[in-house]
Every structure is written in structure tokens, then in C-alpha cells.
Amino acid sequence: MYLRIIFYILAIVGLVIFQIAFLGNLPGVFSAINPVLIVLVFISGLGSFESALWWAAGAGLLLDIYSFNVFGLYLLGLLIVALFINFLQTSFFTNRSLYSFLAVTFFAVLGYDLIIRFIAGTAALMSGQSLSFFGAGYGFFADESWRMLANLFTVAVLFYLLHFVFAKFKPIFLLKYK
Amino acid sequence: MTFAAVIGLLVFLHAIGITRPAENAVVYALNPVFGKVYYLSSRLRAFYYTRAAQTDSLREIAELRGQVASLTEENAKLQLAEEENRLLRQHLLFLDKNDYHYVIANVISRGDLSGDLSKTETITIDKGGKDGVYAGLAVTNQNGIIVGKVVEADDDISKVYLANNSKCKLAATILDDNKTSGITEGELGLTVSMGFIPQDTAVEAGDIVVTSGLEESIPRGLVVGQVISVSRESNELWQTATIESAVSPDNLVIVAVLLP
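Protein sequences appear in the order of chains A and B.
Sequential numbering of the first sequence, starting at 1313, is according to our numbering.
Sequential numbering of the second sequence, starting at 0, is according to our numbering.
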């Protein structure tokens, strides 16, 4: 039990450092990858809902400590996304196919970015700054497209990697079984 | 429900400052790891850009060879002037005006976590209020060229807006005969523009722009960049100069924060 908690803490710290200091500094589409969110999708799909909530809380807390945005932004954002993912996986994408993971990732990335921008934008506006939610022109939508593609591609690669290593689940088409 | 209560409690405790020692301890413990991982990432980034730039290198080499010839001549003149200057300073016991107080900081992150600002407009450094850093201080590279301004400082980390950030405004002056003053600000994260220059002032491409010293915490004479073009509209009250920054934001790993 304690080993599991220590492993979780180390994984959260490692992944947040990887996201902020390593990926964030890389050029182009690499910096758009959000490993914290991707791992949250996989934990929700392969682990338990409770584990996903703990992951979201731990990673959100560390991101908030290193963020200059309003405190609790990432904590709240990740927890809402964890709830959203759980809702999607219990109501719509009930199997563990590649397409389920990709669909859940799509909605998770979109939801996460909208939540973060909405809360950060609202906080900025309340503090008197002139910050628009979506930036000027089509910047947000172009960035979001690249971010989406990068994260979907990463999830697909990780999915096949996990399938290859653990053979725990198979990439199949989304089928309805009655 | 429990998680909502925990979040509320954490935000409340953060707001009243009770969790601050624990947060500072986490930041203090993790900063070295952040620095090392960032350095590794910077090496990878530099390698990527080196490879990407190879196609342009040959053309650039030809241009640079022409520049080297003229610069060599200019350098010889400057060396003579420098030697003369050194002797004069010695004779006059001139105080070295570059005797700044400063704190060296590592860049530990690039860009804004929320994605509002691009990777070339803002950085986070591993020095903060405990080291005497506060908002408004100038940040320079190893050559003393201003790269930006501290905009927010926690105890152990600070956020810096780079000079090409549209939110980074610097009181600057042009090193011309008129000592023209104005305000520089970033443009789309790419270049720097200097506004509020009177229409009757002659500003030319090639003029050097430095900080004016009109800001309380930023000393005079830090190089901002070089004027590359000037926009003059007869119906405008002011003219605007576009400035090429003397430093690339991509290569920042270690910076200095100038203390008053």
C-alpha cells in the first residue's frame, strides 16, 4: 500500500517535471503534448476511478505550485476532467479499444483546455487584465488542433506500446455487443 | 464531495498563506531537478535547431564573410578606441559604471502553463523573493543585454516577460545625437517596437536602442537591440521604430537579474 503511494507520488513528480521543464521547452508540436492528461486517461481506462482522482489531485497540486495562475486552477481543471472522463467511460465508451481511448482523449483535451482557459481568463478579467479567452484571431483553434493531434498520436502510440508489452487489451473497432 | 472539500480547503489555506512553507519546500527541493531536466531539454532543442538551420547555413556563411571583412576593419578601430578608453579611465580613476548588483538564475521553464503566451515570450527562473528578486527588475543575458523584465516573483521562482512580449514595456532611448526616448514593447512575440518617438526626430536603421534609466529598477544603458526599420505616417503624432533584439530567446539557459 505504502509502496504504491510512494510510486504514485514519484510518478506524479516525474511526469510534472517532464511536462514543465522538458516537453515545455521543446520546439513545435512536442510542447503541445500533455503527459499528465494522457496518463489520467489511461488510469481512468485501466485503473480505478479513485486512482484517477488521486492522480488528478496530486498532479494538479504540483502544477499549481509551479504556476503563476490562480491557485487551484489545475487542481480543479484536472479533477473536473477526471469526472468527465469517468462519465464518458461509464456511459459511452465502455470498452477498451483504441478508438474508445482516442475519443476519450479528444474530449479530455478539449475539456481540459476550455476549463483552464475559462477559469484563467475569468480570474484575469476579475483582476482587471484585458485577457480574452481565446486570444486573437484563430490562434486558439490552430493551437488546439495541433495540441489535439499531438495528444491523440501519443495516446495511439502508448496504446500499442502497452498492448505490445502487457497484451492486456487489444486494439479493436468500437463494437456494440448486446 | 470529499475532493471538492479538499480543494476548497487547499485553496483557502494557500490564500491565507499556511501552506506556503510546504509549497516553498517542494519548490526548493525540486528546483535542481527542474534545472537539470530543462538543461537536457535545451540541449535537445539546440540540436534540433542546429539541424533545421543547416539548409540556411551556406547562404548565411556567404553573407557573414562579407560582414566579417567590414567588421574586422571596424574592430581594429574599436580596439584602438578601447585601449584609449582604458588608459583614460585609469588616469581619471573613473568608476566602472557596470558595477551592478545581480543574482544569477537558471531558466527552469519556458512559456506559460496555460498556453496564453508562446514559448518565446516568457520564461520562469529559479530565483525569487528570497534572493531579492521582485517585479520590475531587469533580466540580462551573459553579455549584459537586456532580455526581459521580472513580472511576478514568488519566494523561490519568478516569471519573466521577454522583451518581445507585448506585455513587456521598457523605457528606452536611442543612441543618436538627440538621445530620443520612447517605450519599447514586443510585437507578436517576434520583434520589438519602440513607440512614442516624436515625428521631427531623425531615427535611422542601425541605431542602437538602450534602456533609458527612467524606470526605477532598470539601469540606463542596457542594450535592447538595433533599429531595423522606421514607420513614419504624416498624420500620426509619433513614429515607430522596429527593433531587432540583440539576443535570441531560444538560447537562454542562465540569466542575471540586476538588483538595485
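We put the beta carbon where it would ideally sit given N, CA and C, even for glycine.
Asked	Found
Assess, as a yes-or-no matter, whether the stretch 1417 to 1429 of chain A is touched by the stretch 1382 to 1398 of chain A under the definition of 3 or more beta carbon pairs within less than 8 Å.	yes
Tell me whether the stretch 219 to 239 of chain B and the stretch 139 to 149 of chain B touch, counting them as touching only if at least three CB pairs, one residue from each stretch, are closer than 8 Å.	yes
Tell me, please, whether the CB atom of Ser69 of chain B is closer than 7 Å to any CB atom in chain A?	no
From the DSSP secondary-structure annotation, give me the bridge partner or partners of Asn105 of chain B.	B:Ile253
Just checking my contact of Leu174 of chain B with Asp206 of chain B at CB under 8 Å: how many whole Å lie between their CB atoms?	6 Å
Quick one: which chain A residues come within Cβ less than 7 Å of Arg219 of chain B?	Here the premise fails: no neighbours, minimum Cβ distance about 29 Å.
Short of 8 Å Cβ to Cβ, which residues in the stretch 1357 to 1374 of chain A face chain B?	Leu1365, Ala1369, Leu1373, Leu1374
Tell me the rounded alpha-carbon separation between Glu203 of chain B and Val1351 of chain A.	54 Å
Taking its Cβ as the centre, do 16 or more other Cβ atoms sit within 10 Å of Leu1487 of chain A, making it buried, or is it exposed?	With a pLDDT of 49 at Leu1487 of chain A, under the threshold of 50, the modelled position of this residue cannot be trusted, and the question is left open.
CB-CB under 8 Å to Ile182 of chain B, same chain, minus the five flanking residues each way: which ones, in chain order?	Lys168, Leu169, Ala170, Ala171, Met193, Gly194, Phe195
At what residues does the alpha helix (DSSP H) containing Ala4 of chain B begin and finish?	1 to 14
Is the beta carbon of Ile124 of chain B sitting closer than 7 Å to the one on Ala104 of chain B?	yes
Among B:Val106, B:Gly7, B:Leu29, B:Val256, which residue has its Cα nearest to the Cα of Ile1324 of chain A?	B:Leu29
With a threshold of 7 Å between beta-carbons, can Phe1380 of chain A be considered close to chain B, or not?	yes
Tell me where the alpha helix (DSSP H) around Ser1356 of chain A begins and ends.	1347 to 1358
Give every residue of the same chain whose Cβ lies closer than 6 Å to the Cβ of Leu116 of chain B, excluding the five residues on either side of it in the sequence, and list them in chain order.	Low per-residue confidence applies at Leu116 of chain B: pLDDT is 48, beneath 50, and the placement is therefore not dependable, though the value from the model is reported in the following sentence. The answer is none, since no qualifying residue turns up.
Using the beta-carbon count (16 or more within 10 Å), is Leu1335 of chain A buried or exposed?	buried
Considering only the beta carbon of each residue, do Phe1471 of chain A and Leu1410 of chain A sit closer than 7 Å?	yes
Give a yes or no on whether the minimum CB-CB distance between Ser157 of chain B and chain A is below 7 Å.	no
Quick check on Ala1448 of chain A - is its C-beta less than 7 Å from some C-beta in chain B?	Its pLDDT being 48, under 50, Ala1448 of chain A is placed unreliably by the model, and the measurement read from it follows with that caveat. For Ala1448 of chain A, the answer is no, since every Cβ of chain B falls outside 7 Å of its Cβ.
Pairs of beta-carbons, one from the stretch 8 to 27 of chain B and one from the stretch 1371 to 1384 of chain A, closer than 8 Å: are there three or more?	yes
Taking only beta-carbon positions, decide if Gly1336 of chain A is within less than 7 Å of chain B.	yes
What residues in the stretch 1316 to 1341 of chain A have a beta carbon less than 8 Å from any beta carbon of chain B?	Val1325, Ile1329, Phe1330, Ile1332, Ala1333, Phe1334, Leu1335, Gly1336, Asn1337, Leu1338, Pro1339
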